[in-house]
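J.: Here's a structure for you.
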Amino acid sequence: MNDTLPSALSIGLARTGIELKEFFRLRETVVFTFSFPLILLFVFGSVFDTDLAPGVSFTQYFAAGMIASGIVLSSFQTLAIGIAVERDDGTLKRLRGTPMPPVAYFLGKIGLVLATSLVQTAVLLAVGAALFGLELPTDPLLWLRFAWIFVLGAGAGTVMGIAYSSLARSSKSAAAVVSPVVIVLQFVSGVFFVFTDLPGWMQAVGSVFPLRWLAQGMRSVFLPADFAGAEVSGSWQLGPTALILTAWLVIGSVLALRTFRWQRPGSR
Amino acid sequence: MDTDSLPIRVRGLAKRYGDLTAVRDLDLDVRAGEIFALLGPNGAGKTTTTEILEGFRERDGGEVSVLGQDPQRAGRAWRSRIGIVLQSSNDYAELSVGELVGHFARYYPRPRDVDEVIGAVGLEPKRNTRVRALSGGQRRRLDVGLGIVGSPELLFLDEPTMGFDPQARRSFWELIRQLRDEGTTILLTTHYLDEAEQLAGRVGVIVGGRLVEVNTPAQLGGRQQQRARVVWRDGEELTAAPTNTVAHLSQQYGGEVPDLQVLRPTLEDIYLGMIGAGDE
Numbered sequence: 086m087n088d089t090l091p092s093a094l095s096i097g098l099a100r101t102g103i104e105l106k107e108f109f110r111l112r113e114t115v116v117f118t119f120s121f122p123l124i125l126l127f128v129f130g131s132v133f134d135t136d137l138a139p140g141v142s143f144t145q146y147f148a149a150g151m152i153a154s155g156i157v158l159s160s161f162q163t164l165a166i167g168i169a170v171e172r173d174d175g176t177l178k179r180l181r182g183t184p185m186p187p188v189a190y191f192l193g194k195i196g197l198v199l200a201t202s203l204v205q206t207a208v209l210l211a212v213g214a215a216l217f218g219l220e221l222p223t224d225p226l227l228w229l230r231f232a233w234i235f236v237l238g239a240g241a242g243t244v245m246g247i248a249y250s251s252l253a254r255s256s257k258s259a260a261a262v263v264s265p266v267v268i269v270l271q272f273v274s275g276v277f278f279v280f281t282d283l284p285g286w287m288q289a290v291g292s293v294f295p296l297r298w299l300a301q302g303m304r305s306v307f308l309p310a311d312f313a314g315a316e317v318s319g320s321w322q323l324g325p326t327a328l329i330l331t332a333w334l335v336i337g338s339v340l341a342l343r344t345f346r347w348q349r350p351g352s353r
Numbered sequence: 557m558d559t560d561s562l563p564i565r566v567r568g569l570a571k572r573y574g575d576l577t578a579v580r581d582l583d584l585d586v587r588a589g590e591i592f593a594l595l596g597p598n599g600a601g602k603t604t605t606t607e608i609l610e611g612f613r614e615r616d617g618g619e620v621s622v623l624g625q626d627p628q629r630a631g632r633a634w635r636s637r638i639g640i641v642l643q644s645s646n647d648y649a650e651l652s653v654g655e656l657v658g659h660f661a662r663y664y665p666r667p668r669d670v671d672e673v674i675g676a677v678g679l680e681p682k683r684n685t686r687v688r689a690l691s692g693g694q695r696r697r698l699d700v701g702l703g704i705v706g707s708p709e710l711l712f713l714d715e716p717t718m719g720f721d722p723q724a725r726r727s728f729w730e731l732i733r734q735l736r737d738e739g740t741t742i743l744l745t746t747h748y749l750d751e752a753e754q755l756a757g758r759v760g761v762i763v764g765g766r767l768v769e770v771n772t773p774a775q776l777g778g779r780q781q782q783r784a785r786v787v788w789r790d791g792e793e794l795t796a797a798p799t800n801t802v803a804h805l806s807q808q809y810g811g812e813v814p815d816l817q818v819l820r821p822t823l824e825d826i827y828l829g830m831i832g833a834g835d836e
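Chains as they are written, first to last, in my numbering: chain X, 86 to 353; chain D, 557 to 836.
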């Protein structure tokens, strides 16, 4: 048989298209996903109406954390729940019975995460700047820094989400298994509170996970350079941030490849 | 027949789940271009066997060749030559029929024309309808459409007409026959004996993880040798020569025999006898 199989890349792009169609057609999901960070920004910005340092409002500090959280939500949480559901409802088994290469499925998920997290971040920045006085950096180097932190964070969240999806035994338990992890991480990573205000042991716990580094990385973009002195180590720690996010990306990739299953556990 | 060219050839298949033997010493040949129906009670090993043939499960023993390859090791090229219609699922609710068939067509090296597939499964009027708005029968037709969009040489159908109304089943059978006439080999598992009788050239009965008999629906379990029951208003008779009996009766009544019926054991009677449920 000389028929050439379609390339994994072309099928991966087609998968991205299908994933995005499915996502954007669930209007209530779209509205809540994109408005949730804005609502939080508004609520926290109104409650803590103080400046953390000269020229640094709490809103500005919190916005960086919300961008980091948004990346974790639209990569880790979306995939951990979404793939568990697809394993349960037969999507994965049906795909397994076709010549679609598995890598194309993952490319589709990566495409979905990139598109949704970019839109989410753009909406947050635009509305934040327009309504809540959020100040955006003008230095292109800061945007470059934003880009690599964003990509590493989204990448780590994606592979960890794929790996974590195997922990939920059914679609019904998926949200219960995934959501608490994300919420607790937000509390211990300096998203809802200023990181340096947390007790030492909590800082230590938070520092194991990527969100704390993602949030600090985003602060390095959206806060004035001299605010670095107010961070735990007195600097933005960009080197360690790159290292730790990359480590999670690598560990997550290995776990995702090792643990991925096409069928729900216990099916015979 | 050269057994190397059989679409499906199984010798001594074995599969265990822990202490439970699901399939043992199972042999099976499916010939090119036939519809082969696999019958058997729940838990007899039908699904295990088909899932091993589909490459979803690994076997514990025996030889399996599907389209000349071992499903456990076969790759994408092999997958592009088979079509699988699993038991009902509820995925892809937000996509339209046309989008979904068009998308799956992209997985294959030589897909069928998308409009032709949608037409073949009778879903033209639903082309732009979202999957969640389809009825159960339409949903199942879509499943078949996705199974055949890659123009498979071999099609697996797992209980394809579960929950259909009688009319939908008839038109579904028409579609399956049409696929066979185009040269597709079909392995069908079903609980409906009339469906097996209508569609299959041969049926195989699995009981307790073994294939106990393979035959045409008309000859399964010595069905043709069994005596017929002639029933009429005033009596009944078991006979090996029912035509004689009827001719005799006709003379007796001077033409029409009141309430005449000639009954042979149905495939269901034979099947229930084979799986040991006939005495219930």
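Heads up, the beta-carbon is just placed ideally off N, CA and C, and yes, glycines get one too.
The structure presented is a predicted model; accordingly, all values stated were derived computationally and were not measured.
State the beta-bridge partners of Tyr573/D as determined by DSSP.
T.: In DSSP, Tyr573/D forms a bridge with Leu576/D.
J.: Please identify, using Cβ separations under 9 Å, the residues of the stretch 175-193 of chain X that lie next to chain D, in order along the chain.
T.: Within the stretch 175-193 of chain X, the residues whose Cβ lies closer than 9 Å to some Cβ of chain D are Gly175, Thr176, Leu177, Lys178, Arg179, Leu180, Arg181, Gly182, Thr183, Pro184, Met185, Pro186, Ala189, listed in chain order.
J.: Whole-angstrom Cβ separation of Ile640/D and Gly706/D, contact assumed at under 8 Å?
T.: Ile640/D to Gly706/D, Cβ: 10 Å. No contact.
J.: How many whole angstroms separate the CB atoms of Pro187/X and Ser636/D, which I take to be in contact at a CB cut-off of 8 Å?
T.: So it is not a contact: roughly 15 Å between Cβ atoms.
J.: Indicate whether Ala310/X and Ala153/X have their beta-carbon atoms separated by less than 8 Å.
T.: Their beta carbons are not under 8 Å apart, which means Ala310/X does not touch Ala153/X by this criterion.
J.: Along the chain, where does the beta strand (DSSP E) that runs through Ile831/D open and close?
T.: Where Ile831/D is concerned, there is no enclosing beta strand (DSSP E), given that its DSSP letter is neither H nor E.
J.: Under 8 Å Cβ to Cβ from Glu650/D, same chain only, skipping five residues before and after it: list those, please.
T.: Excluding sequence neighbours, Glu650/D sits near Arg686, Val687, Arg688.
J.: Would DSSP call Asn771/D helix, strand or coil?
T.: Of the three classes helix, strand and coil, the one that applies to Asn771/D here is strand, per DSSP.
J.: Using the Cβ count rule (16 or more neighbours within 10 Å means buried), how would you classify Met718/D?
T.: Its Cβ having fewer than 16 others within 10 Å, Met718/D is exposed.
J.: Any Cβ of chain X within less than 8 Å of the Cβ of Arg696/D?
T.: Answer no: the Cβ-Cβ gap between Arg696/D and chain X never drops below 8 Å.
J.: Note down, in chain order, each residue of its chain lying with its Cβ closer than 7 Å to the Cβ of Val503/D, except the 5 sequence neighbours on either side.
T.: No answer is possible for residue 503/D: the residues shown for chain D start at 557 and end at 836.
J.: Measuring alpha carbon to alpha carbon, tell me which of Phe272/X, Arg254/X, Phe307/X ends up nearest Asp174/X.
T.: Nearest option by C-alpha distance: Arg254/X.
J.: Taking 8 Å as the CB-CB limit, is Arg632/D close to chain X?
T.: Yes, its Cβ sits closer than 8 Å to a Cβ of chain X.
J.: Taking C-beta pairs closer than 7 Å, name the residues in chain D that Leu90/X reaches, listed in chain order.
T.: Per Cβ cutoff of 7 Å: Arg632, Ala633, Ser636, Pro665.
J.: Using the Cβ count rule (16 or more neighbours within 10 Å means buried), how would you classify Leu94/X?
T.: The residue is exposed, with fewer than 16 neighbouring Cβ atoms inside 10 Å.
J.: Spatial neighbours of Gln694/D within its chain, please: CB distance less than 7 Å, with the 5 preceding and 5 following residues excluded, ordered by chain position.
T.: Cβ neighbours of Gln694/D beyond the five flanking positions: Leu679, Lys682.
J.: Check whether the Cβ of Tyr827/D lies closer than 8 Å to any Cβ atom in chain X.
T.: Taking Cβ atoms only, chain X never reaches closer than 8 Å to Tyr827/D, which makes this a no.
J.: So, does the CB of Ile96/X fall closer than 8 Å to a CB anywhere in chain D?
T.: Cβ-Cβ to chain D under 8 Å: yes for Ile96/X.
J.: Using the beta-carbon of each residue, which ones in chain X are nearer than 7 Å to His659/D?
T.: Here the neighbours are Ala99, Ile103.
J.: Check whether the Cβ atoms of Ala189/X and Leu330/X lie closer than 8 Å to each other.
T.: No. Outside cutoff.
J.: Can you list, in chain order, the stretches of the alpha helix (DSSP H) that have 4 or more residues and sit fully within the stretch 642-685 of chain D?
T.: As far as the stretch 642-685 of chain D is concerned, its whole alpha helix (DSSP H) runs of at least 4 residues are 653-661, 670-676.
J.: Can you tell me which of Tyr146/X, Ala200/X, Ser160/X puts its alpha carbon nearest to the alpha carbon of Thr281/X?
T.: Among Tyr146/X, Ala200/X, Ser160/X, the Cα nearest to that of Thr281/X belongs to Tyr146/X.
J.: Could you work out which residues of chain X lie near Leu651/D, taking near to mean beta carbons separated by less than 9 Å?
T.: Here the neighbours are Ile103, Lys106, Glu107, Arg110.
J.: Examine chain D for any beta-carbon lying closer than 8 Å to the beta-carbon of Glu171/X, and answer yes or no.
T.: Chain D, which has a Cβ nearer than 8 Å to the Cβ of Glu171/X, makes this yes.
J.: Can you give the Cα-Cα distance for Leu90/X and Gly631/D, rounded to whole angstroms?
T.: Distance between the alpha carbons of Leu90/X and Gly631/D: 11 Å.
J.: CA-CA distance, Met86/X and Gly624/D?
T.: Confidence in Met86/X is poor, its pLDDT being 48 and thus under 50, which makes the residue's placement unreliable; the coordinate value appears in the next sentence. Cα to Cα, Met86/X sits roughly 13 Å from Gly624/D.
J.: Measure how close the beta-carbons of Ile762/D and Lys602/D come, nearest whole angstrom, since I'm counting them as under 8 Å.
T.: With 8 Å as the limit, Ile762/D and Lys602/D qualify as a contact, their Cβ atoms being about 6 Å apart.
J.: Looking only at its chain, what residues have a beta carbon closer than 8 Å to the beta carbon of Ala200/X, apart from the 5 residues adjacent to it on each side?
T.: Correct list, in chain order: Thr101, Leu105.
J.: How many angstroms separate the CA atom of Arg580/D from the CA atom of Gly765/D?
T.: Distance between the alpha carbons of Arg580/D and Gly765/D is about 6 Å.
J.: Check whether the Cβ of Leu582/D lies closer than 8 Å to any Cβ atom in chain X.
T.: No - not a single Cβ of chain X is within 8 Å of the one on Leu582/D.
J.: How about the stretch 285-305 of chain X and the stretch 320-328 of chain X: do they share at least three Cβ pairs that are nearer than 8 Å?
T.: Yes, the stretch 285-305 of chain X touches the stretch 320-328 of chain X.
J.: Anything in chain X within Cβ reach of Glu753/D, meaning under 9 Å, just list it in chain order.
T.: Simply none; closest approach about 28 Å.
J.: Within its chain, find whatever has a CB closer than 7 Å to the CB of Asp835/D; leave out the 5 residues flanking it on each side and keep chain order.
T.: Model confidence at Asp835/D stands at a pLDDT of 40, short of 50, so the residue's coordinates are unreliable; what they give is reported in the following sentence. Around Asp835/D: no qualifying Cβ.
J.: Return the first residue and the last residue of the beta strand (DSSP E) that Thr795/D is part of.
T.: Note, Thr795/D: beta strand (DSSP E), 791-795.
J.: Ignore the nearest five residues each way along the sequence and tell me which others in Arg613/D's own chain have a CB closer than 8 Å to its CB.
T.: The residues are Lys571, Thr604, Glu607.
J.: Within 8 Å of any Cβ in chain X, is that where the Cβ of Ile762/D sits?
T.: Not an interface residue.
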